[in-house]
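Worksheet: one structure, shown below.
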Ligand SMILES: Cc1cc2nc3c(=O)[nH]c(=O)nc-3n(C[C@H](O)[C@H](O)[C@H](O)COP(=O)(O)O)c2cc1C
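Numbering (this note's numbering), first residue to last: 10 to 198.
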């Protein structure tokens, strides 16, 4: 069997599907789903989100230069899909989904209490790429839910069953195949 050659497209999967929370200058807030997000620098810690300008949330990020990335989990799968198909123009997603906004420390956008990790972000650059505008942002603070700390204080994110989006479907991170570096570690060490 060979491989089919397709026209150029986006087939980079799996991806995280995150909930991005935003606020405008009047204090209106919203949540929407973003899969085109990435880690782009270590020091300073930086991430990106690519957003279509027609999204209701777009103007909120654009006018404040702030947003929060809320990591999602198996328990947040329904909310993640809902926030990716419904618009804040038509519904209050926080109320519809009974989700809890809590104040951050650095940005005006609220954080999602139900998420295990919230990244407060401030935009440093906007790239107008075409269909999407990519916001490059510095991470100002990371909020990690103590529910996922073990006895020694180690954060066990994978216990929260992080959500993954792959080729049109959602999956929860499941089977561990090895720890970072396991391929070069000697047995028994
Ligand atoms: C899994 C998934 C991933 C998505 N990723 C993006 C994305 O990366 N960028 C984007 O602009 N829209 C993305 N969307 C679409 C928006 O989340 C969707 O249009 C949403 O309704 C916008 O909400 P708003 O109008 O309240 O801002 C995604 C939707 C889903 C379901």
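Every residue gets a Cβ at the ideal spot worked out from N, C-alpha and C, and that includes glycine.
Exposure label - residue i; buried when at least 16 CB within 10 Å
| i | result |
| --- | --- |
| residue 156 | exposed |
| residue 158 | exposed |
| residue 103 | buried |
| residue 206 | One cannot answer for residue 206 here, as it falls past the ends of the chain, which runs 10 to 198. |
| residue 92 | buried |
| residue 187 | exposed |
| residue 35 | exposed |
Option nearest residue i by Cα separation, candidates the options
| i | options | result |
| --- | --- | --- |
| residue 69 | 84, 49, 50, 98 | 98 |
| residue 133 | 141, 127, 149, 87 | 149 |
| residue 174 | 62, 22, 142 | 22 |
| residue 180 | 187, 146, 37, 82 | 82 |
| residue 121 | 88, 142, 14 | 88 |
| residue 79 | 31, 15, 195 | 31 |
Any non-hydrogen atom of ligand 1 closer than 7 Å to residue i Cβ
| i | result |
| --- | --- |
| residue 45 | yes |
| residue 176 | no |
| residue 135 | no |
| residue 41 | yes |
| residue 71 | no |
| residue 130 | no |
Reduced DSSP category for residue i - H, G, I as helix; E, B as strand; rest coil
| i | result |
| --- | --- |
| residue 92 | helix |
| residue 156 | helix |
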